[in-house]
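Notes to accompany the following structure.
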Amino acid sequence: MASGIRDKVVIIGMGCTPFGEHWDKGADDLIVDAFEEAVADANIDRDQIDAAWFGLSHDEQSLSKSAISLVQALRLPNIPATRVENLCATGSEALRGAIYAVAAGGSDIALALGVEKLKDTGYGGLPERTKGTFDDMWYPNVTAPGSFAQLAIAYAEKHGISMDQLKEAMAHVSWKSHENGVRNPKAHLRKTLSKESIVRAPMISYPLGLFDCCGVSDGSACAIVTTPENAERMGLTGNLVSVKASQIAVSNGSEMSFGEWDGSYTQTTRIAAQRAYAEAGIANPRGELDLIEVHDCFSITELVVMEDLGLSDEGRAWRDILDGRYDRDGDIPCNVDGGLKCFGHPIGASGLRMVYELYQQIQGRAGERQLANPKQGLSHNLGGFPNRNVCSITVVGQY
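Using my numbering, count along the sequence shown one by one with no gaps and you end on 1613.
This is the structure in structure tokens:
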């Protein structure tokens, strides 16, 4: 494996809009809002940014298919800028481009920004959403809830778990997200729910009920990165947050073939996690990660991913969840900002939003949801279906 990215790049500023239904704002407005927070946080001038990566999953009518929209909205000084798209890992892909440009010496200060204005499109993740205009990711008669429901059934069958037990654990995942979202003023959904109401909610795709599914949102998030040496020259010697690892694993078709994959886990997460731990120098993730942000598009996804990340033993994540291991006061707090479920899921911004929460927590600036002295955290994105997806894992920590 190559030497990797560990401690070669630091984050000097981040910004994130509230996620939700921004009927009064366009995508350009959200871009500006996130950027202004990040620039103020970094205490730099926009003209110091010399490269940019723009994450946008959907071709919005108000935005160019290139990065021109980003540069125009921010009046950046004719710098190189690139639009990237990688399903739900789009924001993480933008960050990866920026940090590798800085690490390689191609840029002194780089920007990564993701945005999505999904509420204007009517996007809901169900059939007919593409109306024949999207790529071949979405097969006829296949939905995201349906494919992740199959993940739940396969997991329960493999590990001999009754559906009542699994639904109780999934309800705890959703309950936790709502409890955490209430503490977050930027979260889309800020309402607590009882576990009983979650279990008894209308069914979407068995065994996934309404509250087992995340919604979609409008929003933007961004990061400004540079090298530690540049940060020191700029006088930024305080509580710097360093990138420890950035890994992406993409399905190669093996999950869709007759082979070892049994449908009960996400293979790409296991591959990307091992690479990320090696890159970050993490030998014991259960003892070295102080918090995590994972891709809880559905409650079963968060549950299964706990095992794929090596944080729970095989077949034990549902018990660990019910025991509170991943609650905000547990051993490894997960999605303390509300996650996709409650913070929201504007696809192009979600990966950067996850790192934003880690950044805020490590710097001790998370307000009411602040944890006690976290030093290192992990973010996880999963874009696509369990059998065909892209997984991105980013590890950040104190420099």
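For each residue, glycine too, the CB sits at the ideal point set by N, CA and C.
Helix, strand or coil at residue i according to DSSP, with G and I counted as helix
i	result
residue 1344	Since pLDDT at residue 1344 reaches only 45, below the 50 mark, its modelled position is unreliable, and the value read off the structure follows with that caveat. Looking at residue 1344 - three-state DSSP - the assignment turns out to be coil, as it is neither helix nor strand.
residue 1402	coil
residue 1223	coil
residue 1428	coil
residue 1422	strand
residue 1475	coil
residue 1387	helix
residue 1437	strand
residue 1459	strand
residue 1532	helix
residue 1556	helix
residue 1598	strand
residue 1576	helix
residue 1562	helix
residue 1408	coil
residue 1444	helix
residue 1357	coil
Neighbourhood of residue i by C-beta distance below 7 Å, restricted to the same chain and skipping five residues each side
i	result
residue 1539	1545, 1546
residue 1502	1496, 1590
residue 1393	1406
residue 1381	1413, 1421
residue 1494	1220, 1458, 1459, 1609
residue 1389	1407, 1409, 1412
residue 1582	1397
Residues near residue i in its chain [Cβ-Cβ closer than 6 Å; skip 5 each side]
i	result
residue 1463	1482, 1485, 1486, 1605
residue 1251	1229
Residue i classed as buried or exposed, judged by whether at least 16 other C-beta atoms fall within 10 angstroms
i	result
residue 1451	exposed
residue 1515	buried
residue 1537	exposed
residue 1216	exposed
residue 1310	buried
residue 1417	exposed
residue 1513	buried
residue 1279	exposed
residue 1299	buried
residue 1341	Note that residue 1341 scores 42 on pLDDT, short of 50, meaning its location in the model is unreliable; the coordinates nonetheless yield the value given after this. Residue 1341 is exposed by the Cβ-count criterion.
residue 1506	buried
residue 1377	exposed
residue 1588	buried
residue 1282	exposed
residue 1291	exposed
Residues bridged to residue i [DSSP beta-bridge criterion]
i	result
residue 1250	The partner list for residue 1250 (beta bridge, DSSP) is empty, contrary to what the question assumes.
residue 1331	1432
residue 1297	1268
Own chain partners of residue i with C-beta closer than 8 Å, once the 5 adjacent residues on each side are dropped
i	result
residue 1347	Here residue 1347 scores only 43 on pLDDT, less than 50, and its place in the model is too uncertain to base an answer on.
residue 1470	1601, 1602
residue 1465	1481, 1482, 1598, 1601, 1602, 1603, 1604
- Message: When you compare the segment 1267 to 1285 with the segment 1458 to 1472, are there three or more beta-carbon pairs, one atom per stretch, that lie closer than 8 Å?
- Response: no
- Are there three or more Cβ pairs, one per stretch, closer than 8 Å when the segment 1244 to 1251 is compared with the segment 1425 to 1437? yes
- Query: Using 8 Å as the Cβ pair cut-off and three pairs as the minimum, do the segment 1389 to 1403 and the segment 1320 to 1335 touch?
  - Reply: no
- Segment contact, 8 Å Cβ cut-off, at least three pairs: the segment 1470 to 1480 with the segment 1224 to 1235: no
- Should the segment 1223 to 1232 be regarded as contacting the segment 1407 to 1427, the criterion being three or more beta carbon pairs within less than 8 Å? no
- Item | Sufficient close CB pairs (3 or more, under 8 Å) joining the segment 1311 to 1324 to the segment 1573 to 1589 | These segments do not touch.
- Task: Take every Cβ of the segment 1365 to 1379, pair it with every Cβ of the segment 1524 to 1533, and state whether three or more of those distances are shorter than 8 Å.
- Result: yes
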